[in-house]
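A.B. asks:
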Amino acid sequence: MTRFTLAAAALLGLAHEVLADLQPCGPAQYDPAQYVCWDNQFLCPITGGEPLSNCAGACYSKFMYTCTNSVLTLLPPVDTPFTLTVDNPGLPIHGKPVTAGGLHWTLDGETSSYCPEQVGSACPPGDTTVLAAYQGSVSMSVMVPGGQQAYLDPYWNMGYTQAHSAYLPPGSIREGFGAYQGGGFVNLNGNGWGWAACPPRASGGGGPGWNLVARNETNADKFNECHPINLKINSLPSGTLGAWQYT
Ligand SMILES: *[C@@H]1O[C@H](CO)[C@@H](O)[C@H](O)[C@H]1NC(C)=O
Numbered sequence: 606m607t608r609f610t611l612a613a614a615a616l617l618g619l620a621h622e623v624l625a626d627l628q629p630c631g632p633a634q635y636d637p638a639q640y641v642c643w644d645n646q647f648l649c650p651i652t653g654g655e656p657l658s659n660c661a662g663a664c665y666s667k668f669m670y671t672c673t674n675s676v677l678t679l680l681p682p683v684d685t686p687f688t689l690t691v692d693n694p695g696l697p698i699h700g701k702p703v704t705a706g707g708l709h710w711t712l713d714g715e716t717s718s719y720c721p722e723q724v725g726s727a728c729p730p731g732d733t734t735v736l737a738a739y740q741g742s743v744s745m746s747v748m749v750p751g752g753q754q755a756y757l758d759p760y761w762n763m764g765y766t767q768a769h770s771a772y773l774p775p776g777s778i779r780e781g782f783g784a785y786q787g788g789g790f791v792n793l794n795g796n797g798w799g800w801a802a803c804p805p806r807a808s809g810g811g812g813p814g815w816n817l818v819a820r821n822e823t824n825a826d827k828f829n830e831c832h833p834i835n836l837k838i839n840s841l842p843s844g845t846l847g848a849w850q851y852t
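The numbering of the sequence shown is the working numbering, which starts it at 606 and goes up by one.
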């Protein structure tokens, strides 16, 4: 009985693969769950829930590029503070914010911040997580003197420094981030493996909520319960500070 059940399950799995609802794209056949067909001619993959766009036959992400007169160009760097939201329409946390808490970025968590009593009402509200990017590095948009730098920690989670401290765990990476106006926040370390959202309890740490991890070729297997996502940039007015300090 057990053997039969296993064999039947295996066959069903196989049938599912073979019978994926293929559609024509010109002379080719494609699975619309994995690809998008442009002009009945060009196939582009769907990555992180984003059907890649087509620029004269080249597939590109709108989180990083724009296509002008059939030429791909990088979006300009964002030059104001911003918030980030998760982008993958297939996930329940689509559109939810990146949140700072416990010196760590999480997804759809609670922003945790602190305002000294003597600063009082002069503190920013401290209930949203506001960031600023500059020449490949990213920091928390805070009022506290010295600021708070954000970085990839040795586990390839995003962390940030404690206020009044410049300490980073050995092996942390503080550069190589792209932040594009009208686009996304991209980790350029790790050869384009991109961000993933790890559901509660999946490997990837981060406690009870969804955790953000940066994938690369050596950790991709470990994060196979996690889902690829993009991080969308939502620009704020110049000079916006999110908190006195994030905790
Ligand atoms: C990939 O990420 C892991 C942490 O998850 C890190 O230990 C490793 O050094 C990274 N690999 C590369 C090639 O950067």
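Note that the Cβ used here is the ideal one computed from N, Cα and C, for glycine as well.
Computed from a predicted model, the values in this text were never measured in an experiment.
If you follow the beta strand (DSSP E) that Val738 is in, where does it begin and where does it stop?
C.D. replies: Looking at the sequence provided, one finds Ala at residue 738 rather than Val. For Ala738, the enclosing beta strand (DSSP E) starts and ends at Leu736 to Tyr739.
A.B. asks: For Thr818, verify whether its CB is less than 8 Å away from any heavy atom of ligand 1.
C.D. replies: According to the sequence shown, residue 818 is Val rather than Thr. For Val818, the shortest separation between its Cβ and any heavy atom of ligand 1 lies below 8 Å.
A.B. asks: Can you list, in chain order, the residues of its chain whose CB lies under 6 Å from that of Ser843, leaving out five sequence neighbours each side?
C.D. replies: Thr685
A.B. asks: Measuring only the C-alpha atoms, how far is Leu671 from Ser717?
C.D. replies: First, the amino acid is wrong: residue 671 is Thr here, not Leu. Spanning the two alpha carbons is a distance of roughly 35 Å.
A.B. asks: Kindly indicate the opening and closing residues of the beta strand (DSSP E) around Asn792.
C.D. replies: Phe790 to Asn792
A.B. asks: For Asn821, verify whether its CB is less than 8 Å away from any heavy atom of ligand 1.
C.D. replies: yes
A.B. asks: Between which two residues does the beta strand (DSSP E) holding Met763 run?
C.D. replies: DSSP places Met763 inside the beta strand (DSSP E), whose first and last residues are Met763 to Tyr765.
A.B. asks: Mind checking whether the beta-carbon of Pro775 lies closer than 8 Å to any heavy atom of ligand 1?
C.D. replies: no
A.B. asks: Starting from Thr678, trace the beta strand (DSSP E) in both directions and tell me its first and last residue.
C.D. replies: Where Thr678 is concerned, the enclosing beta strand (DSSP E) stretches over Val676 to Leu679.
A.B. asks: Tell me the residue span of the beta strand (DSSP E) that contains Cys647.
C.D. replies: According to the sequence shown, residue 647 is Phe rather than Cys. Phe647 -> beta strand (DSSP E) spans Phe647 to Thr652.
A.B. asks: Use the C-beta contact count for Pro775: other C-beta atoms within 10 angstroms, 16 or more gives buried, fewer gives exposed.
C.D. replies: exposed
A.B. asks: Where do the N-terminal and C-terminal ends of the beta strand (DSSP E) with Trp815 fall, by residue?
C.D. replies: Trp815 to Ala819
A.B. asks: For Ser666, I'd like the list of residues in its chain whose CB is within less than 7 Å of its CB, leaving aside the five on either flank, ordered along the chain.
C.D. replies: Glu655 and Leu657
A.B. asks: Return the Cβ separation of Pro721 and Gly847 in integer angstroms, given the expectation that the two are a contact with Cβ distance under 8 Å.
C.D. replies: The Cβ separation is near 16 Å, so there is no contact.
A.B. asks: Applying the 10 Å Cβ sphere with the 16-neighbour rule, what's the burial state of Asp692?
C.D. replies: buried
A.B. asks: Given a threshold of 16 other Cβ atoms within 10 Å of its Cβ, counted over all protein chains shown, does Ala620 qualify as buried or as exposed?
C.D. replies: Because the pLDDT at Ala620 is just 44, under 50, the model does not fix this residue reliably, and the value given afterwards should be weighed accordingly. It counts as exposed.
A.B. asks: With a cut-off of 8 Å, do at least 3 Cβ pairs link the segment 634-648 to the segment 765-773?
C.D. replies: no
A.B. asks: Name the two residues that bound the continuous beta strand (DSSP E) containing Thr671.
C.D. replies: Tyr670 to Thr673
A.B. asks: List the endpoints of the continuous beta strand (DSSP E) containing Thr711.
C.D. replies: His709 to Leu712
A.B. asks: Would you call the CB atoms of Gln754 and Ser746 closer than 9 Å?
C.D. replies: no
A.B. asks: Starting from Tyr665 and walking both ways along the beta strand (DSSP E), at which residues does that stretch end?
C.D. replies: Here the beta strand (DSSP E) through Tyr665 covers Ala663 to Tyr665.
A.B. asks: May I ask you to report which of helix, strand or coil DSSP gives Ala768?
C.D. replies: coil
A.B. asks: Within a Cβ cutoff of 6 Å, which residues of the same chain sit near Cys660, ignoring the five residues on either side of it in sequence?
C.D. replies: Cys672 and Leu677
A.B. asks: Could you tell me which of Gly752, Val703 and Lys827 sits nearest to Gly789, measuring between CA atoms?
C.D. replies: Measuring from the Cα of Gly789, the nearest candidate turns out to be Val703.
A.B. asks: Among residues of its own chain, excluding the 5 on either side of Ala614, which ones have a beta-carbon nearer than 8 Å to its beta-carbon?
C.D. replies: Reliability of the predicted coordinates at Ala614 is poor, the pLDDT of 40 falling under 50, and the value obtained from them is presented with this limitation in mind. Taken in chain order, the list of residues that qualify is empty.
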